[in-house]
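Just below is one structure, and these are the notes that go with it.
In the numbering used here, the protein residues as written are 7 to 286.
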C-alpha cells in the first residue's frame, strides 16, 4: 500500500532556489517567533514595553541638547526636537532590523540543529518585531508633530508623506539584507558581531540625522546621498515636517541597492544554511 506524502524535505542543491513559497507556508511559525521575540526582549525588565517610547525619546533629548543647543547645527528651520526625532525613529527601525537579523545563525543555533523549518522565518520574524516597535515610536513622533503644528511652528505635512509605507518596507528589506549577509559571515568570523554595533554607529553619522543635508556642499551632498539610508531619512523628514530635500533620484539608487543587497543576502544565507552547524 503506497503512502501519499504531504511534504518532502530534501537538501537544497540550487543556489538560486529561494523557496519563498515554502516560507509563506510557515507564516504561523513566523508569528510564534514574533511573540517569542517580544516576550524575551523585555522579560524581567522594570519598564517593559515602555522602552519602545523611552529609548528614542531620551536619544532625541540628548541630541537636541548636544547638537542643537550646544553645537548649534542647522535644523532647516524646524523645531530642534522634531528634527532629531524625525531622523531617530526611522534609523532606529533600520538599525534594529540589521542588528537583530545579523545574529540569526548564532542566536538560533540550538533550534536550527533540532528541527527543520525554513531558516528565513527567523530574520523575517525579527523584522516584523522591529516594525511593531517602529509603529509605536512613529505614532509618538506624529503626536509631537501635531503638537508643534498646533503651537504654530513651521511644520507642514507634504505629499511625500504618502510614500511612508514604501519607505517602511524598504527599510525592512535593506536592514534584513545587510543583517543576513553579516549573519552568514559570522558563522565563521565571530568577531564581526563586535563590529556590527560599532559599524551601525558610524553609519548613523554618515546619514543626515543629526545634521541637515541642505547645509552640505553639493559635492558632499552627492556622496552622502549614495548612502541608501540618507534619502530615506530625508524623504521621511520632508514628508512629515515639510523641510529638507527631496532626493527622489537618489531614492531610486537606494532601491537598486536595497534589492541587490537583499538578493545577495538571501543567496548567501541559503548557501551557509547547509553547513553552518559544522562551524557554529
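Don't be surprised by glycine CBs; every beta carbon is placed ideally from N, CA and C.
Contacting residues, own chain, Cβ-Cβ under 8 angstroms from residue i (five flanking each side not counted)
{"i": "residue 32", "result": "123, 124, 127"}
{"i": "residue 67", "result": "87"}
{"i": "residue 105", "result": "185, 202, 203, 206"}
Candidates the options, of which the one nearest residue i by Cα
{"i": "residue 46", "options": "69, 180, 179, 132", "result": "132"}
{"i": "residue 189", "options": "270, 72, 149", "result": "270"}
{"i": "residue 237", "options": "97, 37, 143", "result": "97"}
{"i": "residue 153", "options": "247, 210, 196", "result": "247"}
{"i": "residue 265", "options": "157, 184, 92", "result": "184"}
{"i": "residue 136", "options": "209, 235, 99, 179", "result": "99"}
{"i": "residue 261", "options": "173, 212, 196, 242", "result": "173"}
{"i": "residue 244", "options": "234, 59, 82", "result": "82"}
{"i": "residue 77", "options": "37, 129, 217", "result": "217"}
{"i": "residue 159", "options": "219, 180, 89", "result": "89"}
Close Cβ partners of residue i (< 6 angstroms) along its chain, the five nearest in sequence each way excluded
{"i": "residue 199", "result": "192"}
{"i": "residue 84", "result": "247, 249"}
{"i": "residue 110", "result": "128, 129, 189"}
Rounded separation between residue i and residue j - CA only
{"i": "residue 256", "j": "residue 168", "result": "18 angstroms"}
{"i": "residue 139", "j": "residue 107", "result": "15 angstroms"}
{"i": "residue 143", "j": "residue 203", "result": "21 angstroms"}
{"i": "residue 91", "j": "residue 64", "result": "10 angstroms"}
{"i": "residue 195", "j": "residue 101", "result": "21 angstroms"}
{"i": "residue 94", "j": "residue 258", "result": "22 angstroms"}
{"i": "residue 241", "j": "residue 209", "result": "18 angstroms"}
{"i": "residue 226", "j": "residue 80", "result": "16 angstroms"}
Between the region 146–163 and the region 219–236, do at least 3 Cβ pairs fall closer than 8 angstroms? No contact exists between the region 146–163 and the region 219–236.
Counting Cβ pairs closer than 8 angstroms, one from the region 63–79 and one from the region 165–185, do we hit at least three? No, they do not touch.
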